[in-house]
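Peer 1:
Residue numbers (the numbering used here), protein chains in the order written: chain F, 2 to 87; chain P, 2 to 87.
1. Leaving aside the five residues before and after residue 64 of chain F along the sequence, list all residues of the same chain whose C-beta is less than 8 Å from its C-beta, in chain order.
2. Taking only beta-carbon positions, decide if residue 15 of chain F is within less than 9 Å of chain A.
3. When you compare each of P:62, P:61, P:51, P:41 to residue 18 of chain P by their alpha carbons, which one comes out closest?
4. At a Cβ threshold of 9 Å, is residue 68 of chain P touching chain F?
5. Taking C-alpha atoms, which residue in F:50, F:33, F:47, F:43 lies nearest to residue 74 of chain F?
6. Answer yes or no: the CB of residue 62 of chain F versus the heavy atoms of the ligand PLP, is any distance below 8 Å?
7. Would you grab the beta carbon distance between residue 9 of chain P and residue 23 of chain P for me? Rounded to a whole angstrom, and I think it's under 8 Å.
8. At 3 residues or longer, and completely inside the stretch 31-77 of chain P: list those beta strand (DSSP E) runs for me, N to C.
9. Check the Cβ-Cβ distances between residue 43 of chain F and every residue of chain P, and say whether any is below 9 Å.
10. Within a Cβ cutoff of 8 Å, which residues of the same chain sit near residue 56 of chain P, ignoring the five residues on either side of it in sequence?
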């Protein structure tokens, strides 16, 4: 079993109005030292080891569903979950 | 300057329909080995070092704005950004 964490954020070239709005709100809450805020999506997935290349599978899931590759970029972390006695 | 990454996800007790919907979609895309999907929010922030305790500041930002503490839980990572010569 694999534990996969995926982080999806806007590409640098894309305006992030949500991030700007949150930064403004934080400033109003006396957190003036917040210089920049980027907002993104975060996925945690558990994937059974089926013998296929896990990186290829995760890349496919991101390219086809989890991220809009025209506007977003993604990175992920894969860790092997402890073997569960079946 | 601090680089702060915040991960906000639903509490275990809260139903995650979005996660279920994504799992179903992944199964339809022949990724049947995806056992579980959790969806959350991800924030990257740059915060100037103002001498105050950074953990306290980030906790306050999360409790008051970034997370709905009734339904969500959060964790964060703080790293010191390289000093910029001013």
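The beta carbon of each residue, even a glycine, is placed where N, CA and C say it ideally should be.
Peer 2: For this structure:
1. If we look at residue 64 of chain F and ignore the five residues flanking it on each side, its Cβ neighbours are 70.
2. No chain A appears in the structure shown, which is made up of the protein chains F and P.
3. Minimum Cα distance to residue 18 of chain P is reached at P:41.
4. So, not an interface residue.
5. Looking at the Cα atoms, F:43 is the closest of the given residues.
6. Looking at this structure, you won't find the ligand PLP or any other ligand, since it has none at all.
7. Not a contact, Cβ separation roughly 17 Å.
8. Runs of the beta strand (DSSP E) lying entirely within the stretch 31-77 of chain P, each at least 3 residues long, are 35-48 in chain order.
9. Flagged as an interface residue toward chain P: residue 43 of chain F, by a C-beta distance shorter than 9 Å.
10. Closer than 8 Å at the Cβ level, and outside the excluded window around residue 56 of chain P, lie 79.
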